[in-house]
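S.K.: Once you've had a glance at the structure underneath, I'll fire off some questions.
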């Protein structure tokens with residue numbers, strides 16, 4: 029992945045939480061539903077004063093995390109919305125299912141999966157600030173979660189498989205998204221939760237390309253199945269953005285990666301998609317509910 033220095037780049041690393049007209053969610057979820065995640069106190073909380081000081085020690089947070097004693101890092105964020113949307117498809121108890129959390133950040137999805145009965149969880153994060161935050165919250169919550177300082181492009185080095193993969197806010201930051209999706213497919217036994225920047229569905233989308241059977245190939249208008257390449261900082265002034273697929277392109281890449289069944293896509297913001305892809309029709313996740 030492409031990394032650049034400076035706080036401005038860091039703030040743009042994942043862009044959809046930022047307040048702008050283009051990133052406001054299309055889906056309305058009651059605030060109280062967004063705040064139901066943390067129903068218990070962490071077993072090893074800092075004092076309120078220590079927690080507040082720790083939160084202030086970072087100039088930027090991406091995940092809303094609970095430190096105990098009523099202290100949170102942030103108000104509800106887009107990650108809370110994503111969890112509120114996917115929580116109904118989870119079983120009441122994950123019953124020891126394993127999960128790979130790609131781009132684990134401060135550990136929001138990893139910790140919530142543990143609180144819902146997950147077993148082995150491996151979180152990988154390539155941004156040092158977020159990796160350190162994750163380790164801090166793992167200690168507060170005293171959870172058996174492993175975090176590795178690792179780039180998503182390197183998951184081919186993992187020698188284990190997982191029941192579930194969390195893949196939220198990462199795909200468009202990848203230089204080689206199909207390669208990573210194929211590696212996910214090799215290591216995922218059941219389902220992947222995908223959230224990403226996309227090209228919005230629009231009747232004006234049109235690409236002229238050569239299509240057709242052998243001997244009958246001709247320039248043909250295509251209205252879907254393509255991906256936008258960002259050479260520099262064209263998207264959000266952020267050089268860590270590389271690609272944005274449209275929905276059909278994303279589904280096609282997931283099929284190539286070995287996934288067969290798909291939930292309906294949820295467009296929770298004008299250019300954001302959330303969907304479940306599974307290898308099993310009867311998946312651990314009730315993907316038909318999304």
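In my numbering, the protein residues as written are 29 to 318. C-beta atoms are modelled at their ideal positions from N, C-alpha and C, and glycine is treated no differently. From a predicted model like this one, the values you see are computed outputs, not experimental measurements.
Where do the ends of the beta strand (DSSP E) carrying residue 250 lie?
M.R.: Unbroken beta strand (DSSP E) run through residue 250: 246-250.
S.K.: Check residue 53 in the structure and name its three-state DSSP category.
M.R.: Here the model assigns residue 53 a pLDDT of 44, short of 50, so the residue's position is not dependable and the matter cannot be decided.
S.K.: Buried or exposed: where does residue 170 fall if 16 or more other Cβ atoms within 10 Å of its Cβ makes it buried?
M.R.: The residue in question, residue 170, is exposed, as its Cβ has fewer than 16 Cβ neighbours within 10 Å.
S.K.: Could you name the residues of the same chain whose beta carbon sits closer than 7 Å to that of residue 292, not counting the 5 residues immediately before and after it, in chain order?
M.R.: Excluding residues within five positions, the ones whose Cβ falls inside 7 Å are 318.
S.K.: How many whole angstroms separate the CB atoms of residue 173 and residue 151, which I take to be in contact at a CB cut-off of 8 Å?
M.R.: Their Cβ separation, rounded to whole angstroms, is 6 Å, which keeps residue 173 and residue 151 in contact under 8 Å.
S.K.: Under 8 Å between the Cβ atoms of residue 135 and residue 197?
M.R.: Against a cut-off of 8 Å, the Cβ pair of residue 197 and residue 135 comes out as no contact.
S.K.: With DSSP collapsed to three states, give me the class of residue 122.
M.R.: Residue 122: coil per DSSP, three-state reduction.
S.K.: Look up residue 100 in the DSSP assignment and say whether it is helix, strand or coil.
M.R.: Strand at residue 100.
S.K.: Does the Cβ of residue 219 have 16 or more other Cβ atoms within 10 Å, making it buried, or fewer, making it exposed?
M.R.: So residue 219 ends up on the buried side.
S.K.: Taking a contact to mean a Cβ-Cβ separation below 8 Å, would you say residue 271 touches residue 205 in this structure?
M.R.: Yes, Cβ-Cβ distance for residue 271 and residue 205 is below 8 Å.
S.K.: Considering only residues of the segment 170-207, which uninterrupted alpha helix (DSSP H) runs meet the minimum length of 4 residues and lie entirely inside it, listed in chain order?
M.R.: Fully enclosed alpha helix (DSSP H) runs of 4 or longer: not present.
S.K.: Rounded to a whole number of angstroms, what is the C-alpha to C-alpha distance between residue 49 and residue 119?
M.R.: Reliability of the predicted coordinates at residue 49 is poor, the pLDDT of 32 falling under 50, and the value obtained from them is presented with this limitation in mind. Taking the straight line from one Cα to the other gives about 35 Å.
S.K.: Assign residue 96 to buried or exposed, taking buried as 16 or more other Cβ atoms, counted over all protein chains shown, within 10 Å of its Cβ.
M.R.: When all chains shown are included, residue 96 counts as buried.
S.K.: Nearest-angstrom Cα distance between residue 186 and residue 154?
M.R.: Cα-Cα distance, rounded: 15 Å.
S.K.: Given that a residue counts as buried once 16 or more other Cβ atoms are within 10 Å of its Cβ, and exposed if not, what is residue 222?
M.R.: Residue 222 should be labelled buried.
S.K.: Once the 5 residues before and after residue 177 are set aside, which same chain residues still bring their CB inside 6 Å of it?
M.R.: Closer than 6 Å at the Cβ level, and outside the excluded window around residue 177, lie 159.
S.K.: How should residue 81 be labelled, buried or exposed, when 16 other C-beta atoms within 10 angstroms of its C-beta is the threshold for buried?
M.R.: Flag for residue 81 reads exposed.
S.K.: Taking the beta carbon of residue 208 as the centre, do at least 16 other beta carbons fall within 10 Å, making it buried, or is it exposed?
M.R.: By the 10 Å Cβ count, residue 208 comes out buried.
S.K.: Please report the distance separating the alpha-carbon of residue 229 from that of residue 300.
M.R.: Taking the straight line joining both Cα atoms gives about 11 Å.
S.K.: Suppose contacts are defined by Cβ-Cβ distances below 8 Å. Is residue 113 in contact with residue 192 by that definition?
M.R.: Result no, Cβ atoms of residue 113 and residue 192 do not sit closer than 8 Å.
S.K.: Can you give, in chain order, each stretch of the beta strand (DSSP E) that sits fully within the segment 260-298 and has at least 3 residues?
M.R.: Listed in chain order, the complete beta strand (DSSP E) runs (minimum 3 residues) inside the segment 260-298 are 271-273 and 294-297.
S.K.: Would you kindly work out how many angstroms separate the C-alpha atoms of residue 321 and residue 314, rounded to a whole number?
M.R.: With the chain running from 29 to 318 in the structure shown, residue 321 is simply not present.
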